[in-house]
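Colleague: Numbering of the sequence shown is given in the working numbering, commencing with residue 729 and proceeding in unit increments.
Let me begin by handing over the structure; questions about it come next.
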Amino acid sequence: MSLQLPNGRITIYFSLVLALVLTIMPLPSVVSAWRPTWVLLVLLYWTLALPHRVNVGHAWVLGLLQDVLLGAPLGVHALSFSLACYVFALNFQRFRNFSIWQQSLLVGVICLLHQLLRFWAAYLFDDVALTSGILYPVFSSMVLWPWIFLLLRKTRRRFKVR
729 MSLQLPNGRI TIYFSLVLAL VLTIMPLPSV VSAWRPTWVL LVLLYWTLAL PHRVNVGHAW
789 VLGLLQDVLL GAPLGVHALS FSLACYVFAL NFQRFRNFSI WQQSLLVGVI CLLHQLLRFW
849 AAYLFDDVAL TSGILYPVFS SMVLWPWIFL LLRKTRRRFK VR
């Protein structure tokens, strides 16, 4: 017996909730700076795999949830997740044809834009400086993309999410 609602909604929602949990999970300070953008990675996968099912609206809601969970200015994650999903949904057929390593570079660019938007919002509200630490989540997200892609693809095929 598989955990599946019609059209595999529960599988998609479970992976997104798991990404939110991984985002707020406490980590040691040494590793915390390298925390990948879990929600963005999972959103990008589902937007690439099923753009008609997971889209900008989902990205907006998850971004607002992440803003609330992290205490970020409301709308910062929502805006960056929505922009990223919009770019992926607009070009999903082209991006699907890229190798997994090319997709990883593309995910790195999207994560860098996400980090820059977060920095910009923090700069508007606080006195912060741009440091090289902004690149750590970008690198970790790029490295994790192939494994997340393969794991979620295997999950999508196993639970027949269409």
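Ideal Cβ positions, reconstructed from N, Cα and C, are used throughout, including at glycine.
Is it true that the CB of PHE820 sits closer than 7 Å to the CB of PRO779?
Modeller: yes
Colleague: Can you grab the Cα-Cα spacing for the pair ARG763 / SER868, in whole Å?
Modeller: 7 Å
Colleague: Can HIS786 and GLN794 be called in contact, C-beta distance under 7 Å?
Modeller: no
Colleague: Suppose you measure from the CA of LEU863 to the CA of LYS882; what does that come to, to the nearest Å?
Modeller: LEU863 and LYS882 have their alpha carbons spaced roughly 29 Å apart.
Colleague: State the start and end residues of the unbroken alpha helix (DSSP H) segment that holds PHE820.
Modeller: 820 to 824
Colleague: Figure out for me which residue from SER808, VAL835, ALA800 has the closest Cα to the Cα of ASP723.
Modeller: Here the chain has residues from 729 to 890 only, and residue 723 is not among them.
Colleague: Excluding the five sequence neighbours on either side, which residues of its own chain have a C-beta within less than 8 Å of the C-beta of VAL835, listed in chain order?
Modeller: LEU769, LEU772, SER869, MET870, TRP873
Colleague: Flag this pair as yes or no: are the beta carbons of VAL814 and VAL837 separated by less than 7 Å?
Modeller: Reading the sequence as shown, one finds Tyr at residue 814 and not Val. Taking 7 Å as the Cβ cut-off, TYR814 and VAL837 do not qualify as a contacting pair.
Colleague: Taking the alpha carbon of LEU811 as the point to measure from, which residue in HIS842, LEU744, PHE823, GLN831 has its own alpha carbon closest?
Modeller: HIS842
Colleague: What is the DSSP secondary structure of GLY799, counted as helix, strand or coil?
Modeller: coil
Colleague: So, are the CB atoms of GLY736 and PHE877 less than 7 Å apart?
Modeller: No, the pair does not count as a contact, with Cβ atoms beyond the cut-off.
Colleague: Buried or exposed for PRO865, going by 16 or more other Cβ atoms inside 10 Å?
Modeller: buried
Colleague: Whose C-alpha, out of ALA850, TRP774, LEU852, VAL749, is nearest the C-alpha of ARG824?
Modeller: TRP774
Colleague: Under a three-way DSSP split, which group does LYS888 fall into?
Modeller: coil
Colleague: What residue does the alpha helix (DSSP H) around GLY736 start on, and which one ends it?
Modeller: Neither: GLY736 is in no alpha helix (DSSP H) and is coded neither H nor E.
Colleague: Alpha carbon to alpha carbon, how far is THR765 from TRP839? Give it in angstroms, no decimals.
Modeller: Going by the sequence as given, residue 839 is Cys instead of Trp. If I take the Cα positions, the gap works out to 7 Å.
Colleague: Quick one: what does DSSP say ALA817 is sitting in, helix, strand or coil?
Modeller: Of the three classes helix, strand and coil, the one that applies to ALA817 here is helix, per DSSP.
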